[in-house]
Every structure is written in structure tokens, then in C-alpha cells.
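Student:
There are 2 protein chains.
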Amino acid sequence: MGVVTGRKKPPTSQDVARLAGVSQSTVSYVLTGSRPISDGTRARVEDAIDKLGYHPNSGARTLRSKRSGVIGLMVPEAEADDGVLMVFIGEIAREARRHGYDILLVTAQEGAGGIRRVVRTGVCEALILMELGRFDERVGPVLDSGLPFVTLGKPEEFPQGSVVDLDFEMLGRMIVERAIEERCDRLLLFGAPSRKRERNDVSRFLDGIEDAAGEEELEVVLDTGPLAEVPDRALRLTAPNERTALFGINGVRQVLFAMAATGALVDDTRLFIALSGEDLVDVSPLLASVPQVDPRRVEISELAVRELVRLLQVDGAGPRITLVEPRWVEG
Amino acid sequence: MGVVTGRKKPPTSQDVARLAGVSQSTVSYVLTGSRPISDGTRARVEDAIDKLGYHPNSGARTLRSKRSGVIGLMVPEAEADDGVLMVFIGEIAREARRHGYDILLVTAQEGAGGIRRVVRTGVCEALILMELGRFDERVGPVLDSGLPFVTLGKPEEFPQGSVVDLDFEMLGRMIVERAIEERCDRLLLFGAPSRKRERNDVSRFLDGIEDAAGEEELEVVLDTGPLAEVPDRALRLTAPNERTALFGINGVRQVLFAMAATGALVDDTRLFIALSGEDLVDVSPLLASVPQVDPRRVEISELAVRELVRLLQVDGAGPRITLVEPRWVEG
DNA sequence: TTGTAGGCGTTATCAC
DNA sequence: GTGATAACGCCTACAA
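Residue numbers (UniProt numbering), protein chains in the order written: chain A, 1 to 331; chain P, 1 to 331.
1) Given that Asn200 of chain P touches chain A, what residues does it touch there, using C-beta distances under 9 Å?
2) At 3 residues or longer, what runs of the beta strand (DSSP E) sit wholly inside the segment 140-179 of chain P?
3) Please list, in chain order, all residues of the same chain as Glu169 of chain P whose beta carbon is under 6 Å from its beta carbon, the five residues on each side excluded.
4) Could you check the C-alpha separation between Leu311 of chain A and Gly161 of chain A for me, to the nearest Å?
5) In the DSSP assignment, the alpha helix (DSSP H) including Gln24 of chain P goes from what residue to what residue?
6) Measure from the C-beta of Leu104 of chain A to each C-beta in chain P and report whether the shortest distance is under 7 Å.
7) When the Cβ atoms of the segment 39-56 of chain A are set against those of the segment 70-77 of chain A, are three or more pairs found closer than 8 Å?
8) Alpha carbon to alpha carbon, how far is Ser289 of chain A from Leu237 of chain A? Give it in angstroms, no decimals.
9) Rounding to the nearest angstrom, what Cα-Cα distance links Leu152 of chain A and Ile89 of chain P in this structure?
10) Does the CB of Phe149 of chain P have a neighbour CB from chain A at under 7 Å?
11) Quick one: using the 10 Å Cβ neighbour count with 16 as the cut-off for buried, is Asp268 of chain P buried or exposed?
12) Does His99 of chain A come within less than 7 Å of chain P when only Cβ atoms are used?
13) Below 8 Å on C-beta distance, what does Gln254 of chain A contact in chain P?
14) Hey, would you say Leu132 of chain P sits closer than 7 Å to Leu147 of chain P, going by beta carbons?
15) Please report the straight-line C-alpha distance between Pro285 of chain P and Pro319 of chain P, rounded to a whole angstrom.
16) Rounded to whole angstroms, what's the CA-CA distance from Arg120 of chain A to Val142 of chain A? Just pull it up for me.
17) Indicate whether at least one CB of chain A lies closer than 7 Å to the CB of Phe247 of chain P.
18) Shorter than 7 Å from the beta carbon of Gly113 of chain P to some beta carbon of chain A?
19) By how many angstroms is the C-alpha of Val70 of chain P removed from the C-alpha of Glu229 of chain P?
20) Reducing DSSP to helix, strand and coil, say where Gly72 of chain A ends up.
21) If the criterion is Cβ atoms closer than 7 Å, does the pair Val164 of chain A and Val176 of chain A meet it?
22) Would the segment 26-35 of chain A count as touching the segment 20-34 of chain P if we require 3 or more Cβ pairs under 8 Å?
23) I'd like the ranges of any beta strand (DSSP E) spanning at least 3 consecutive residues and lying wholly in the segment 182-240 of chain A.
24) Suppose you measure from the CA of Glu210 of chain A to the CA of Val139 of chain A; what does that come to, to the nearest Å?
25) In angstroms with no decimal places, state the Cα-to-Cα distance between Glu299 of chain P and Ala317 of chain P.
26) Taking beta-carbon pairs under 7 Å, can you tell me which members of the segment 117-137 of chain P lie near chain A?
27) In three-state DSSP terms, what is Thr121 of chain A?
28) What is the residue span of the alpha helix (DSSP H) that Leu132 of chain P lies within?
29) Buried or exposed: Lys154 of chain P, going by 16 or more other Cβ atoms within 10 Å of its Cβ?
30) What are the boundary residues of the beta strand (DSSP E) that Gln292 of chain P is part of?
31) Once the 5 residues before and after His99 of chain A are set aside, which same chain residues still bring their CB inside 8 Å of it?
32) Taking a contact to mean a Cβ-Cβ separation below 7 Å, would you say Asp223 of chain P touches Gly83 of chain P in this structure?
And the structure:
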């Protein structure tokens, strides 16, 4: 067993055909299933296939059929990531495989040009765009590529692609309701609000908040200060006998820790409501004592892929919006 | 501007040739640069190319040349990820693009079969394997695929592929030295040691520790308990007038927070040494006060890609091991 | 139910 | 320095 330098040439459908005693096209038909095949031949072909360890050549298949079996996934810059991204990406890759597709990474850094490239060269036959902004430069190239696509995150203008996202408006309402149930006088929203105008999810969330808080006796405070000092600021806002709920779409971990550090995680003045998730494993013991909403990232990832597969495979399938409802995590 | 349903067919090199008034093969030669072309024709061809917005068809190119321009990246399961993975992946994707390659995700879940698939179908012309175990089932299929590959993480037996990784042995020595410099009597290693036999990085790290601690007056304790209680256990180990250093390859954030929560981050009895990194952005204020080692993930990612490109493009290039030295982060 | 054959868009080997 | 031309491996009308 020496050093193997050259790989031996992989078998072609021609080889399979020869071994099975049929024509090359029959092999192809067995594979694509686009024509009825008698049980006898099918069996012989399949035998030959795994006797040779045959896999259809992707380049040839793509060239001929225009379908590469590859979905382009445009991921945002990872700077300051907290592990959330990886949950989406991993789940998307897994679900894609279940449907026979592979995932090709396109970094947001490449921008619109990156999209044009993978589209024109034909590497990808469909796209998933993550963390879409309200007005996103990537939408243009995607639209005139004509490729089916799904966005995670709802863009401002409804595009010709499908959308899968958390129902942030409902999330807003849920938080308000919970705060009231827990007899809070005030809801402090940390972190995200400062970027309100840039991010679609935040603005929808705030819509939900306003909607639900409008007729209630709940004061809503948008906190834009440093996350580490959120608990302190909350305390200062809270008069004796009052209670303040704390929630944020981002920065959950930081604030959670700040709460814990000051021993304020469970007291009467402040109630921390957590946007939970798989990325928070390292603080999970802390989470046990507070109410949690599940942002359902796994479900969103799966739905995104399934929706794309639908656009690809069901003909006449039009784009649609799917909003996934947040869920309270049972303690 | 109505609803655009059909995408118009992209231009081929044939179209470019026609527009430039040359033969199709000339266009190809301009693109690949595998034959000298006069400046005049080159200019005309390039004009035609961007007048038409031409991009070579990837399927055809792959079919003909056996080079897909795609690198398969095998990522580990993301369960309990802390954001580290995304740093690697993002950086690898970026660096790959700089060299003209794209990254295709292969989840570790697919295991050896996944490798066989991307190899046999010809989607990938090279592979990067992340978080390789000491004895990894994926190495087999990769080896007999004959494809060039790079592993992030040094496997037990030296394979025919290249290796890029942090120099964990040196890391071990650095930690011991620092602990001694800081006049610690004891080094408590949390988290990782329990899995010593499974992970190559951990065992190399411990080798370095033993190597450096052997002749010194430093007691080394392998802590396998819950991370949240590490500071407490450290305290219990520490007699009056003694000092204990704390370090771990994993679980940095948890222990860091536990230290902060008990106000022990900067005291005389315990010294926390952090394995720093981009994933810890959300605790960065806490890091300011402790010594930090940079695990150099960005550099490792870049080197992995460059190494792979070398294997692909420099002929006769053999595999080699590259260990990146950890660095103290200057405060 | 199965076989024959044309062509997808490149690359690279011949010729000139 | 440039132009024809033969594959690459597969899909899919068209025949039988």
C-alpha cells in the first residue's frame, strides 16, 4: 500500500450500460425516472450501478439539463456572530441534502456581483438569501436572474421570490401580552431598536409592540445604551412597587449575563424575557428561570429549503410568504 | 416592467466569438490564457465579453476540464456552537473566492458517504475537512478519492493531505510559562481535558503542558466538572497566599462569566487566561482585564485555502504540515 | 418497453 | 498567432 497519486477514472453511464447489457440512454432513464422501465432491466441497471459504484457526472448533467443540483446560500458577514448563523446554515444544508441539493456559499461581501457570477456561470439553480435588509442591493440581480429564490427575512417590497421568516409582529404582541400577564408596568426593549430603520425584522417587531401596547397600560421604552448596563438602567426607571420587563431581539446573552451578575435575574422589580435558541447553550442554566420565546430557527431553515424545492419542482408554483409563529418554551 | 417569468438564455463563447470576429476557440484561449494571443484580438474579445456580459458556463467547463472550481468544505455538526465555526467558514469562503474557487458545504452528518458523493459526481475538485478527529472515518474515502485535501486539525496518522492547525503544543507551553511568570502555584485546566483521548488538539495541548510543567514548580489540575462552578473549585484548591491560573480550550465564555459574576475576574487568588477570538465579541469588555491568547483562526483559514490552492496548482506539490503559532494579545 | 442519435458549451489537439 | 474539430458524459426527442 504505497502512496496513491493518481485517482482512477470514475465509471460513466456508458460503463454501466455495457455491464447491464442495455443502452446508455436506458441507464439515464432509470436514473431520472422520466420514462417507464421494466422491472427486469431496472434491476440489472441498478445492480451494475452499485457494482461499479457509479455516480452521474455533475458537470455533464448540468450542461445538458441546466439543473446543477446546487443551491446558492448567501450568508451575511460573520463579524460579531453569536452562533446563530451556524444554526441556520447547518440546518439548511441538511434539509437541502434531504431533497438532493447541495449548498454553495456566497458571502454577502461579494454583493450583487457574487449573485450575478453564480447565476451566469450556472453553478446555482436557485438561491437562498439570509438576513435581507429592508432595501437590499442583492434583490436586483436575483430578480433579473430569473432564478427561483427564497429570502430569510422579509424585504420591504414584495419580490418575485418567496419569503420565510419569524412572525416578528406576532412576537411583539406576545411580548407585550406576557409583560402584562406578569404584571409589569413597563417594557424595556434593549439593543435592536437603535437600528430600527435598517432592519425589517426590528421594524415589524416594533409594529407588533405598538399594536399590542396601544390600548394597554404598559409603558414601552426603547433602550439604545450599552447592553452591559441594561439591568442598571432598568432599575433606575423602576419606581418602588413597580415592575419592568426586559426584552431584546439581539444581545440576549450579554444582558442575561449582566442580569445574572447583579443577581437580578429573578427579583420582583425586573423580569427578563429571553429570545431563546440553540446558540445560547452556554448560558442555558441561566435560562431555566426566565420566560423564553423560541425563534424557531430550525423550522425556518427547513421551511426555506422546502419552499425553494417547491418553486423548483412544482411547476406554476408562485412565490409566497411564510411567517413562522414564535412559541413560548415550556418550563 | 411586468412580472418576468422566463430568464433569457445567457450568451455563449460562440456569441462572443461572433461579435469579436474571431473563432470560438480563440475566445477560449483568451479566457484560459493557455496560448499566446495578440493584443489586438485579446482586446476585441474582452470587449465583446463584457459587452455581452458573458460568463463561461460552469457545467461545460467542468465536463471538459475536470476542474469545477469548487472546493468541498466538510463542516462538523453545529450543535452547541459558539460562533467559532462561522469565523472559519466565512474566512475560508472569502479566501477561496480570492483564488477563484467556490465553497460547497458538506455536513459531517453525511459522513464518508458525503465525501464519496461529491467526489464521484465531480462537483468538488478538492476538499477541506474541519475538526478532524484523531481517527476519523472520513479520511479513508478522501484518500482513495485521490483529490487534494487539507485538514484543519491534525489527525493521528499523517495522511496524504496537508494539515493546517494551531500549534497546540506550543499553546500548552505558553500557558505554563505565563502562569509561572504571573507567579501562579497551580494551573487549572477546565473543560476540554475530559475528552482528552478523542480530540487531537486537546492531546497535543496537554503534551505541551506536561512538557513545560515537568521541571517547574507548577501543579497542573485537570478539571472536568461543570464550567459554571470552575471559579469556585479553583478557589477551594487555593490555599492562602497561593495563586491559581485558569485556562481552557473550550468553554471560555462560560467560565469567564462565572468569574465575572463572582467578582473574581481580577483578584489575587485566581488568574483567568483567555483563549480569545472573534467569537467572544459579546464578552469583549470582560476580556480587557485578563491575559489573552489569540488562536489565530483567520490566519488558519486563509492558510488552509492557500495550501489547497498550492496542491491544486503547483504540480508536484506534496502535502505538508503547517502549525500556526498562538500569539499573546497585547493589552 | 427499449434503442439511436444529436447536442449542451467548453477545452485542447491538430492543422495552417 | 489563429481556426477547425473532436471529445467530455449526460439528457431527451425521435424511432422502432
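In this text, a Cβ means the ideal position worked out from N, Cα and C, and glycines have one as well.
Tutor: Considering the structure as presented:
1) Correct list: empty, because the minimum Cβ distance to chain A is about 22 Å.
2) 149-152, 162-166
3) Arg204, Asp207, Gly208
4) 9 Å
5) 24-32
6) yes
7) no
8) 23 Å
9) 20 Å
10) no
11) exposed
12) no
13) Asp282, Val283
14) no
15) 41 Å
16) 11 Å
17) no
18) no
19) 45 Å
20) strand
21) no
22) no
23) 186-189, 219-222
24) 29 Å
25) 21 Å
26) Arg117, Arg120, Thr121, Gly122, Val123
27) coil
28) From DSSP, Leu132 of chain P is part of no alpha helix (DSSP H); its letter is neither H nor E.
29) buried
30) 292-294
31) Val305, Arg306, Val309
32) no
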